[in-house]
Amino acid sequence: MTTPKRLVAVAVAISLLAALAGCAGIPDSGSVQQGDPITSDVVDSDVVYTPNGPSVGSSQEQLLNGFLAAGTGPQNDYAVARQFLSTGFADGWNPRDSVMVRPGTGTTTRVSDTRLDYTFVDSATVDDTGRYTPATSSVPTTLGYRFVQEDGQWRISDAPDGIVLTPATFQSVFRSHAIYFYDPTFTYLVPDERWFLARSSTSTRIASAVLAGPSSWLQGAVVSAFPDGTRLSLTAITVDDGTARVDLTADALGADPTARARMQAQLLASFSSVAAITAVELSVESTALDVPELGQDSPLRDPTVDARPLVVADGVLGFASRSAVSELAGLSPTVTDLGATALELSGDQTRAAVATPEGAVLVRADGSSRLLDARPGLAPPSLDDRGYVWSVPESDPGDLLVIGGDGVVHAVSSSLPDGADVVTLRVSRDGSRVLALLDDDGDARLTVAAVVRDAEGVPTALGPALELATATGVPVDATWADQSSVAVLTRAGDEPQVTVSEVGGPATSRGRPPGDPESIVGGNGVGRLQVRTADGMVLEPRGSSWQDSGIRADLLATQR
């Protein structure tokens, strides 16, 4: 059963009178109110599940159903679920090993007098480090359970570790948290999404995950500011008046002052989903660390772009409003003369990677252009912040090239799956990841891979492809909605669909744009996506629907 419980939120306004060495904080204002010290943080959850224990005289089937339902109650280390287990097995079962998300119903099959199998189709799994992996097939999963009688009552004597939850209960019991690492230049913070129990010591889980390093698919593309081997010296982090006090092992003493400042910034960003934490204080074996300010070297987290659509309209490239297009004077004439069919603009607006009938072209703000890739059948090119243009033939995902502004071509070892056509390839703004929307025999397939670079910053390889959940249907286009999610445009028959897929989380529908949508761009979050239809309308999301922005365009371009 479920019992709604509203958690009381205590708002504490903090006025920072002076910057403390070793403590980075989020500025606030207003009167000072003294609150009780916070020793553990709790993520709000509107629903608390309080499952029932076993009933007297339960059959094996009833006992199994009750045990599976008790996976919704993590209180006291799943104490209720352990009541369904035999005396010799209760302490050995590990519910935190994994979570399997089951969107449908399962079936129970009797194997013997003392064994039942439970079979279902899962949509995702979450491992013991909080990493979420969508299922890539609909092959059923079967879990086996054995039973024994104790004092005349059936109990489970053997069961797989982990729990099984429906999508709704999973998102009530667990919460997503982005932990952060750096790109190799320490310019950007790169998110690595994890899922932790909503009513647990979240700050300790987050800090431990940061210190343990990035997910395997990101390794080689991101770095941590913490010296190798650094761990928490205490079993839990304390939070007092909004400050998380993080005590580290002696390995942290190997960090120079700049690294210490980056360590602090990395943790503070990773704690951003915990409302109780507004500052971080570092210490080593209970001795405070002296941490300087990063100042202008502070890393960027989820940078945004100009909110206006970037379009080509009536022979002009620029930022559009209902009344006019503000021309990018240096780039516009060349781009329109080339007959651009797709375009990606650099963050400083000095360069553009342009798809043309002749191939992938780099256009500069001085009006010059250079054909970089003349291979036939190319997917639209992408541009990274190091100035490299990414280009790949639609029919050959393995033949991936990056070309510098000097025209030098570098082959990239590709992990994109064979046997599918590339519809869209886009480099993230942090330059550490690439999304690829693929056409797998008429059905959409969405992957993200890490970008591995050499010491000079030249891309050399893509890491293992991470499959993301997305809607079925013919793939049309995809974009980075923000640094943590990808928006995908698909079509099933005559019905278009926009789906937002979290990188390390589930996918959610964002409605059906009207007309015949053919491209989608993002950059400022899910609520600021833009879609262009075949007749030139630029659409924007309004709640659960899509509405005409009043802007007409021949091309909708991507901003970096």
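Note that my numbering numbers the sequence shown so that position 32 is 715, with each residue one more than the last.
Glycine included, every Cβ here is placed at the ideal spot set by N, Cα and C.
### Task
Determine, using beta carbons only, whether residue 1166 and residue 1173 come nearer to each other than 8 Å.
As a first step, residue 1166 is located in the sequence shown; it is residue number 483 there, counting from the start. As a first step, residue 1173 is located in the sequence shown; it is residue number 490 there, counting from the start. Cβ distance not < 8 Å, so residue 1166 and residue 1173 don't count as in contact.
### Message
Under 8 Å, Cβ to Cβ, is there at least one residue of chain D near residue 946?
### Response
In summary, chain D is missing from the structure at hand, where a single protein chain is found.
### Task
With DSSP as the reference, label residue 940 as helix, strand or coil.
Along the sequence shown, one-based indexing puts residue 940 at 257. DSSP places residue 940 in helix when its eight states are reduced to three.
### Message
If I measure Cβ to Cβ from residue 920 and keep anything under 6 Å in the same chain, skipping five residues before and after, which residues do I get?
### Response
Start at 1 with the first residue of the sequence shown, and residue 920 comes out as number 237. Correct list, in chain order: 886, 887, 890, 927, 929.
### Query
So, using beta-carbon positions, are residue 1098 and residue 1146 closer together than 8 Å?
Locating residue 1098 in the sequence shown gives position 415, where the first residue counts as 1. Locating residue 1146 in the sequence shown gives position 463, where the first residue counts as 1. Less than 8 Å separates the beta-carbon of residue 1098 from that of residue 1146.
#### Entry: Any 3 or more C-beta pairs closer than 8 Å across the region 1158-1165 and the region 1201-1210
With a cut-off of 8 Å, the region 1201-1210 and the region 1158-1165 count as touching, because enough Cβ pairs lie within range.
### DSSP bridge partner residues for residue 1034 (one or two, in chain order)
Here the question's residue 1034 lines up with position 351 in the sequence shown. According to DSSP, which records beta bridges pairwise, residue 1034 is partnered with 1047.
### Query
What is the rounded straight-line gap between the Cα of residue 1112 and the Cα of residue 912?
Within the sequence shown, the letter at position 429 stands for residue 1112. Within the sequence shown, the letter at position 229 stands for residue 912. So the alpha carbons of these two residues sit roughly 30 Å apart.
### Message
Here's a check: name, in chain order, each residue in its chain whose Cβ is nearer than 7 Å to the Cβ of residue 1047, leaving out the five neighbours to either side.
### Response
For the purposes of this step, residue 1047 is taken as the residue at position 364 of the sequence shown. Excluding residues within five positions, the ones whose Cβ falls inside 7 Å are 1033, 1034.
### Query
Does any heavy atom of the ligand SAH sit closer than 7 Å to the C-beta of residue 1130?
The ligand SAH is absent from the structure shown, which contains no ligand whatsoever.
### Query
Where residue 806 and residue 825 are concerned, what is the direct C-alpha to C-alpha distance, given to the nearest angstrom?
Residue 806 sits at position 123 when you count from the first residue of the sequence shown. Residue 825 sits at position 142 when you count from the first residue of the sequence shown. CA-to-CA, the gap between residue 806 and residue 825 works out to about 14 Å.
### Beta-carbon separation (whole angstroms), residue 1013 vs residue 1049, contact threshold 8 Å
In the sequence shown, residue 1013 corresponds to position 330, counting from 1. In the sequence shown, residue 1049 corresponds to position 366, counting from 1. Residue 1013 to residue 1049, Cβ: 6 Å. Contact.
### Task
Using a threshold of 8 Å, state whether the C-beta atoms of residue 804 and residue 850 are closer than that.
On the sequence shown, position 121 is the one that residue 804 refers to. On the sequence shown, position 167 is the one that residue 850 refers to. For residue 804 and residue 850, no; Cβs fall outside 8 Å.
### Query
The beta strand (DSSP E) spanning residue 863 covers which residue range?
Here residue 863 refers to the residue found at position 180 of the sequence shown. Residues 857-865.
#### Entry: Three-way DSSP call (helix, strand, coil) for residue 761 in this model
By one-based count along the sequence shown, residue 761 stands at place 78. Under the three-state reduction of DSSP output, residue 761 falls in the helix class.
### Task
Using the Cα positions of residue 1158 and residue 867, report the straight-line distance between them to the nearest angstrom.
Translated into the one-based positions of the sequence shown, residue 1158 becomes position 475. Translated into the one-based positions of the sequence shown, residue 867 becomes position 184. Residue 1158 and residue 867: Cα-Cα distance of roughly 32 Å.
### Query
Buried or exposed: residue 827, going by 16 or more other Cβ atoms within 10 Å of its Cβ?
Taking the sequence shown and counting its residues from 1, one reaches residue 827 at position 144. Exposed, because fewer than 16 other Cβ atoms sit within 10 Å of the Cβ of residue 827.
### Query
Can you give the Cα-Cα distance for residue 756 and residue 960, rounded to whole angstroms?
As a first step, residue 756 must be located in the sequence shown, where it is residue number 73. As a first step, residue 960 must be located in the sequence shown, where it is residue number 277. Cα-Cα distance, rounded: 26 Å.
### Query
How many Å lie between residue 1105 and residue 800 at the Cα?
Here residue 1105 corresponds to residue number 422 of the sequence shown, with the count starting at 1. Here residue 800 corresponds to residue number 117 of the sequence shown, with the count starting at 1. Rounded to the nearest angstrom, the two C-alpha atoms are 41 Å apart.
### Query
Between the C-alpha atoms of residue 1150 and residue 1212, what's the straight-line distance to the nearest angstrom?
The sequence position of residue 1150 within the sequence shown is 467, counting from 1. The sequence position of residue 1212 within the sequence shown is 529, counting from 1. When rounded, the distance between both Cα atoms is 22 Å.
### Task
Could you round the C-beta distance between residue 1121 and residue 1128 to whole angstroms and report it? I think they count as a contact, below 8 Å.
If you number the sequence shown from 1, residue 1121 lands on position 438. If you number the sequence shown from 1, residue 1128 lands on position 445. Between residue 1128 and residue 1121 the Cβ distance is about 4 Å, and since that is below 8 Å, they are a contact.
### C-beta contact flag for residue 769 and residue 847 at 8 Å
Your numbering for residue 769 matches position 86 in the sequence shown. Your numbering for residue 847 matches position 164 in the sequence shown. No, the pair does not count as a contact, with Cβ atoms beyond the cut-off.
#### Entry: Among 1008, 1170, 1215, nearest to residue 656 - alpha-carbon criterion
Outside the displayed range of the chain (684 to 1243) lies residue 656, so it cannot be described from this structure.
### Task
Output the distance between the C-alpha atoms of residue 767 and residue 843, rounded to the nearest integer angstrom.
Here residue 767 is taken as the residue at index 84 of the sequence shown, counted from 1. Here residue 843 is taken as the residue at index 160 of the sequence shown, counted from 1. The straight-line gap from Cα to Cα measures roughly 14 Å.
### Query
For the region 934-1019, which segments carrying the beta strand (DSSP E) assignment without a break, of at least 3 residues, lie completely within its bounds, in sequence order?
962-967, 993-996, 999-1003, 1008-1010
### Query
Exposed or buried, what is residue 1234 when buried is set at 16 or more other beta-carbons lying within 10 Å of its beta-carbon?
By 1-based counting over the sequence shown, the position of residue 1234 is 551. So residue 1234 counts as buried.
### Query
The beta strand (DSSP E) with residue 825 in it runs from where to where?
Against the sequence shown, residue 825 aligns to sequence position 142. Start and end: 824-833.
### Task
Going by DSSP, name the residue or residues bridged to residue 1216.
Reading the sequence shown from its first residue, position 533 is the one you call residue 1216. In DSSP, residue 1216 forms a bridge with 1200.
### Task
Please classify residue 1175: does DSSP put it in a helix, a strand, or coil?
Start at 1 with the first residue of the sequence shown, and residue 1175 comes out as number 492. If DSSP states are grouped into helix, strand and coil, residue 1175 belongs with the strands.
### Message
Assess contact between the region 1221-1230 and the region 1193-1201, defined as three or more Cβ pairs (one per stretch) separated by less than 8 Å. Is contact present?
### Response
yes
#### Entry: 3-residue-minimum beta strand (DSSP E) runs that sit fully inside the region 1073-1152, ordered along the chain
Taking only runs of at least 3 residues, the beta strand (DSSP E) segments lying wholly in the region 1073-1152 are 1083-1086, 1092-1095, 1104-1110, 1116-1123, 1126-1136, 1142-1145, 1149-1151.
### Message
For the pair the region 1055-1062 and the region 1035-1044, tell me if three or more CB-CB distances fall below 8 Å.
### Response
yes
### Task
Ignore the nearest five residues each way along the sequence and tell me which others in residue 752's own chain have a CB closer than 6 Å to its CB.
Position 69 of the sequence shown, counted from the first residue, corresponds to residue 752. Excluding positions up to five away in sequence, the list reads 734.
### DSSP-derived helix/strand/coil call for residue 850
Locating residue 850 in the sequence shown gives position 167, counting from the first residue. Residue 850 falls in the helix class under three-state DSSP.
### Task
With a 10 Å radius around its C-beta and 16 neighbouring C-beta atoms as the bar for buried, classify residue 836 as buried or exposed.
Start at 1 with the first residue of the sequence shown, and residue 836 comes out as number 153. Counting Cβ neighbours within 10 Å, residue 836 comes out exposed, since fewer than 16 surround it.
### Task
Just tell me which of 895, 878, 1052 has its CA closest to the CA of residue 956.
Here residue 956 refers to the residue found at position 273 when the sequence shown is read from its first residue. If we check each option's Cα against that of residue 956, 878 comes out closest.
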